[in-house]
Structures are given as structure tokens and as C-alpha cells.
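Okay, structure first, notes after.
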Amino acid sequence: MADKDIQKQIDEINVKLDAILECAMTQKHRSERMDDLVADANIIAKDVFRSTVEELEVQGVEMNWEDMKFLFLKFLKNIDKFTWLMDTFESAYDLMQDMGPIFNETVIDMIRKMAEMEEKGYFEFFNEMMRATDSIITHYSGEDVKLLADNIVTVMDTVKNITQPDMLQAMNNAVNVFQKLEVENIPEYSIWKAMKEMRSPEMKKGIGFMISFLKNLSEDNVVSIK
Numbered sequence: 005m006a007d008k009d010i011q012k013q014i015d016e017i018n019v020k021l022d023a024i025l026e027c028a029m030t031q032k033h034r035s036e037r038m039d040d041l042v043a044d045a046n047i048i049a050k051d052v053f054r055s056t057v058e059e060l061e062v063q064g065v066e067m068n069w070e071d072m073k074f075l076f077l078k079f080l081k082n083i084d085k086f087t088w089l090m091d092t093f094e095s096a097y098d099l100m101q102d103m104g105p106i107f108n109e110t111v112i113d114m115i116r117k118m119a120e121m122e123e124k125g126y127f128e129f130f131n132e133m134m135r136a137t138d139s140i141i142t143h144y145s146g147e148d149v150k151l152l153a154d155n156i157v158t159v160m161d162t163v164k165n166i167t168q169p170d171m172l173q174a175m176n177n178a179v180n181v182f183q184k185l186e187v188e189n190i191p192e193y194s195i196w197k198a199m200k201e202m203r204s205p206e207m208k209k210g211i212g213f214m215i216s217f218l219k220n221l222s223e224d225n226v227v228s229i230k
């Protein structure tokens, strides 16, 4: 019975030793792989450094290692600022990612609106307005514009008076009457026939209107001159 217990303990010890040996071998393999990796990285770093030096020599760039050391130390000293800058850049990038769909939708809406404006003729209207403005600029001199600016109040008052409803109605009536006239077939009136027509109520009212208009116009001109 004692021999069996001893053998059992020996077997357990062997199992543990095998596990330890396997762990040691695994660690050895890892160490070897790490050494190989470090060696390869060292070779690559040397090749990169040599290639960089050669390229700098070809480009005529002279390296100042004191300046490089100062720059590296400066970077380490301001690592917190660099970190803040990177955080800001990441925040801005995230904001752009979030705003991307909204921006795209805004651009699409703008394109649709411009297409709608073009369909309605806005761009053609603005183009013709530019042509009209160009014609005005080329036709009138700076002195003409100065005179317009000096008399802009009078011009605006005139436009205001013309655009009054009663004035527009009177002008519209005059245009309608002119359109109804047969200009190429105007009847001839003799002096006696004209005098006879002037006795009609319509002509008397028209003559009264003309006399009143001319009289008031003359009075306004006299007041303006004074």
C-alpha cells in the first residue's frame, strides 16, 4: 500500500515537472521570438535610418542633431498640449461625422431649390436685370447719376404720385381709349363741325379739365420759381 502511494506521488511530481518544462519551453520560444522580433526591428530601423540619411544627403538637407534633440525635448515638454490638440481634432472629426448627413441634406435641398428657381425663370430674370443694369451704366454718365441723386426726392415724390390708385386708373383709362381709337382711320373735322362738337357736354367738360389743369400747373410753376 505504501509503495502505491509513493508511486502515485512520483507520478504527480512527474506531471508537474512536465508542466513546468512545457511552460519553460514555451517561455523560451517566446523569448526567442521576441529576440528575433527585436533583431528584425533593429535591422529595419537601421535600414530606415540609413535610407533616410542617404535621402537627406541627396536632397541636400543637413541634419542638426542638437536641433533634433531640442525638438524632441520640446515635444516631450508639451506632450499635454499635443494630447489636447489630438483630442480637439478627434472631437472635430466626430462633429464632422455627425454633421455629415445634415450637411448632405442641406446641399440636396439647396440644389433642389436652385433647380426650382431655374425652372421658374429666376436666373434668366436676374441675367436680364444684369443686362439692363449694364445698359444703364454704359448709357448714363457719372454726372447723370449725380443729378439723379440730387433730385431723388423729387423723383420719388413723382413716382409716388403716379402710383396713386386714382392716377393709375386715369392712366389706364387713357391707354384703353387710345387702344380703341382707329389711329389710321381718324375722321376729319371742319371748323364748324369742331365748334359744334365743342358744344357737347363731354367736350365742355374736357375743355374745362384742360383749362383747370393748365391753370393749376402754371400756378405751381410760379410758386416753384418764387
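Residue numbering for the sequence shown follows this note's numbering, beginning at 5 and increasing consecutively. All C-beta atoms in this analysis are idealised placements derived from N, C-alpha and C, irrespective of residue type, glycine included.
Simplified DSSP state of residue i, which is helix, strand or coil
i	result
Y126	helix
I190	coil
R203	coil
S145	coil
I229	For I229, the predicted structure reports a pLDDT of 49, less than 50, and the residue's modelled location is therefore unreliable. The matter cannot be settled from this model.
A96	helix
Limits of the alpha helix (DSSP H) - the one that residue i falls within
i	result
L172	169-184
N165	156-166
Tell me the start and end of each unbroken alpha helix (DSSP H) in the segment 33-89 that is at least 4 residues and wholly inside, in chain order. 69-81
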